[in-house]
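For the sequence shown, position 67 matches number 67 in the working numbering, and the numbering has no gaps at all. Where is the CB? At the ideal position from N, CA and C, for every residue including glycine. Okay, structure first, notes after.
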Amino acid sequence: MRGLEKLVVVVVEAAIELVPEELWDHPSVRAYAARRGKKPGEILLDRSYHHAAMKRIPEAEKRGRPDITHFTLLEVLGSPLNKRGLVEVYVQARSGHIIWVNPETRLPRVYERFKGLIEKLYKVPVVEADGKVLLRLEEASLEDLLERLNPDLRILLSERGELMKWSKLGELITSARKPLIMIGGFPHGDFRRSVYQLADKVVSIWPEALDAWIIASRVISIVENALKLGEYD
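Here it is in structure tokens:
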């Protein structure tokens, strides 16, 4: 058994996108953009501010929630597993982009600052600090990403999946060399069929639906326990 070398975490169908053009003229969008000194097409779609405008767009229930990805990334990046250098992190945004997150990145804790960082990323696809790349944005699909990463195990976390004991899931993940787990970054609805088709295994860790950041923190903890991190002599 080779054992785990790197756990790849992908936030899939993340509710991250710039405000679509058909909403630029909506009063709530224009007012919010003006307050921030930006054009409507330069700000992230955010249900907290654009709820009324979002009634116009399809799949509105799955869109406009960058906070889900923010919380999830904070959980993953702050984990002992990541501090041991055992995690790779990506976001598949609804906008049709893949965001690579440097595991050493210290994301802003304040949500509004996080949004500003992602908005900057859409303008300048590479964010650097002290000569180090922190975030990179590229146009690519989830299929493109998985083909490039070539993981030896693909697990989709979904309430529709097989309910699995945490200890068994830990054994499954850590038995692979480069396992990849997919966690939904949207508030309501289900994954697209194409996402299910990309998974080797669809797993549920709880009988009821859980928030994405809770799933991320539990799975990371499950892997840490399976690797016996934190067990000192």
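Local conformation of residue i per DSSP, three classes
| i | result |
| --- | --- |
| Leu234 | The structure shown does not extend to residue 234, since the chain is modelled only from 1 through 233, so no value can be given for it. |
| Val12 | strand |
| Ile183 | strand |
| Leu44 | strand |
| Lys178 | coil |
| Glu231 | coil |
| Ser158 | strand |
| Leu23 | helix |
| Ser141 | coil |
| Ser95 | coil |
| Lys165 | coil |
| Val223 | helix |
Classification of residue i by the beta-carbon crowding that lies within 10 angstroms, buried from 16 upward
| i | result |
| --- | --- |
| Asp211 | exposed |
| Glu75 | buried |
| Gln197 | exposed |
| Met1 | For Met1, the predicted structure reports a pLDDT of 40, less than 50, and the residue's modelled location is therefore unreliable. A value from the coordinates is still provided. When all chains shown are included, Met1 counts as exposed. |
| Pro27 | exposed |
| Arg63 | buried |
| Ser194 | exposed |
| Lys39 | exposed |
| His188 | exposed |
| Leu4 | buried |
| Ser79 | buried |
| Pro58 | exposed |
| Val110 | exposed |
Residue i versus the options, residue with shortest Cα-Cα distance
| i | options | result |
| --- | --- | --- |
| Asn102 | Tyr90, Arg113, Gly96, Val110 | Tyr90 |
| Ser167 | Ile205, Leu142, Arg148 | Ile205 |
| Trp100 | Trp24, Leu86, Glu138 | Glu138 |
| Arg113 | Phe71, Ala140, Pro125 | Phe71 |
| Phe191 | Ile43, Leu23, Arg94 | Arg94 |
| Leu44 | Leu107, Leu121, Asn82 | Leu121 |
| Val12 | Lys115, Tyr111, Leu146, Lys123 | Leu146 |
| Glu22 | Arg36, Ala34, Gly37, Lys55 | Lys55 |
Rounded Cβ spacing between residue i and residue j (contact assumed at less than 8 Å)
| i | j | result |
| --- | --- | --- |
| Gln92 | Val10 | 6 Å |
| Lys178 | Leu86 | With 8 Å as the limit, Lys178 and Leu86 do not qualify as a contact, their Cβ atoms being about 11 Å apart. |
(request) May I ask you to verify whether the region 173 to 181 touches the region 122 to 141, counting CB pairs closer than 8 Å and requiring at least 3? (result) no
(request) Examine the Cβ distances between the region 57 to 75 and the region 214 to 223 and report whether three or more of them are shorter than 8 Å. (result) yes
(message) Would you call the region 25 to 42 in contact with the region 2 to 16, where contact means no fewer than 3 C-beta pairs closer than 8 Å?
(response) no
(request) Taking 8 Å as the threshold, find out whether the region 46 to 66 comes into contact with the region 149 to 165 through three or more Cβ pairs. (result) no
(message) Under 8 Å, with one C-beta from each stretch per pair, do the region 149 to 157 and the region 182 to 194 reach the 3-pair mark?
(response) yes
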